[in-house]
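Going by the working numbering, the letters in the sequence shown line up with residues 95 to 302, in that order.
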Amino acid sequence: MSLVMIRHGETALNRDRVMQPADTPLSDRGKEQVLRLAQRLSTEGITRILASDLPRAAMTAQALSDETGVGVEFESLLQERNFGRLRGQRFIDLETRDIDPFAENYEPEEGETWQEFDQRVTHAWSRIQSALPSDGILAVVTHGLVCAALLRNHLDAQAHVTDSGRLYPFRNASFTRIESSPPWRVELLNCAEHLEALGDQTSIYGQV
95 MSLVMIRHGE TALNRDRVMQ PADTPLSDRG KEQVLRLAQR LSTEGITRIL ASDLPRAAMT
155 AQALSDETGV GVEFESLLQE RNFGRLRGQR FIDLETRDID PFAENYEPEE GETWQEFDQR
215 VTHAWSRIQS ALPSDGILAV VTHGLVCAAL LRNHLDAQAH VTDSGRLYPF RNASFTRIES
275 SPPWRVELLN CAEHLEALGD QTSIYGQV
């Protein structure tokens with residue numbers, strides 16, 4: 095029995111390096127990515143799917159549901175960090191204005207601080223643990239910064255990475271396999287081999 099953590103597929107704003115609003119859907123490329131992801135995971139024995147309710151994660155989870163026949167349960171605690179009024183703005187424009195939205199002490203207007211975000215992800219982690227099935231695999235579909243926060247604060251990834259950091263570059267439509275009991279050891283980190291045939295890698299490390 096294990097846990098699979100998934101980052102959503104690509105969006106157009108991932109590709110264009112824009113701070114994403116909540117309602118961003120997958121791009122056409124993202125839809126192809128999640129189909130390949132779902133096919134890759136179809137034999138893993140997934141028996142439960144827990145997902146962020148934001149469209150890009152929900153669409154990713156639905157592709158997995160269609161492939162496995164397992165229904166999707168939505169959990170708002172798994173949403174990406176809320177950057178408030180920065181959402182919809184290009185990263186290059188933020189840089190021009192000397193705004194680093196990922197700085198430790200940056201507090202986005204109408205958004206979440208790092209401390210608030212980390213606290214929410216800790217609650218999400220409790221929800222994940224309570225959702226683990228007695229038999230089979232739980233798939234958790236979420237966002238890049240949530241994956242990084244879980245990796246940094248709650249998982250044992252020492253065999254794979256020495257510095258996970260707040261911005262660990264989880265790939266679009268990647269999955270991470272985790273043992274489903276303490277110390278929550280990571281068995282496979284940030285796997286995107288199923289996307290190699292798509293060729294273009296320009297957006298694979300897109301943030302939020």
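Note that CB positions come from ideal geometry on N, CA and C, so glycine has one too.
Mind checking whether residue i and residue j have CB atoms under 7 Å apart?
i       : j       : result
Cys-241 : Phe-264 : yes
Arg-175 : Leu-239 : yes
Thr-137 : Gly-124 : no
Ser-146 : Gln-173 : yes
Leu-148 : Ala-116 : yes
Arg-179 : Glu-204 : yes
For residue i, which three-state DSSP category applies?
i       : result
Glu-206 : coil
Phe-168 : strand
Thr-270 : strand
Asp-122 : helix
Val-215 : helix
Arg-265 : coil
Gln-160 : One detail in the question is off: residue 160 reads as Asp in this sequence, not Gln. Correct three-state label for Asp-160: helix.
Arg-184 : strand
Have a look at the DSSP bridge pairing and note the partners of residue i.
i       : result
Ala-233 : Val-98, Ile-143
Leu-282 : Arg-271
Got a sec? Which residues, its chain only, sit under 8 Å from residue i by beta carbon, not counting five neighbours each side?
i       : result
Thr-216 : Asn-247, His-248
Asp-110 : Arg-184
Ile-193 : Leu-180, Tyr-200
Which residues in the same chain have their Cβ closer than 6 Å to the Cβ of residue i, if we skip the five residues on either side of it in sequence?
i       : result
Gly-103 : Leu-120, Gly-124, Gln-127, Val-128, Thr-154, Asn-266, Ala-267
Ile-298 : Because Ile-298 sits at a pLDDT of 48, beneath the cut-off of 50, its placement in the model cannot be relied upon, and the following sentence gives the value as read from the coordinates. If we look at Ile-298 and ignore the five residues flanking it on each side, its Cβ neighbours are Arg-265, Asn-266.
Excluding the five sequence neighbours on either side, which residues of its own chain have a C-beta within less than 7 Å of the C-beta of residue i, listed in chain order?
i       : result
Val-79  : This structure gives no information on residue 79, because the portion of the chain shown stretches from 95 to 302.
Trp-278 : His-248, Leu-249, Asp-250, Ile-272
Counting beta carbon pairs with one atom in the region 218-238 and one in the region 134-153, are three or more of them shorter than 8 Å? yes
The region 160-177 / the region 244-263 touching (three or more Cβ pairs under 8 Å): no
Can you find at least 3 beta carbon pairs, one from the region 96-103 and one from the region 272-289, that sit closer than 8 Å? yes
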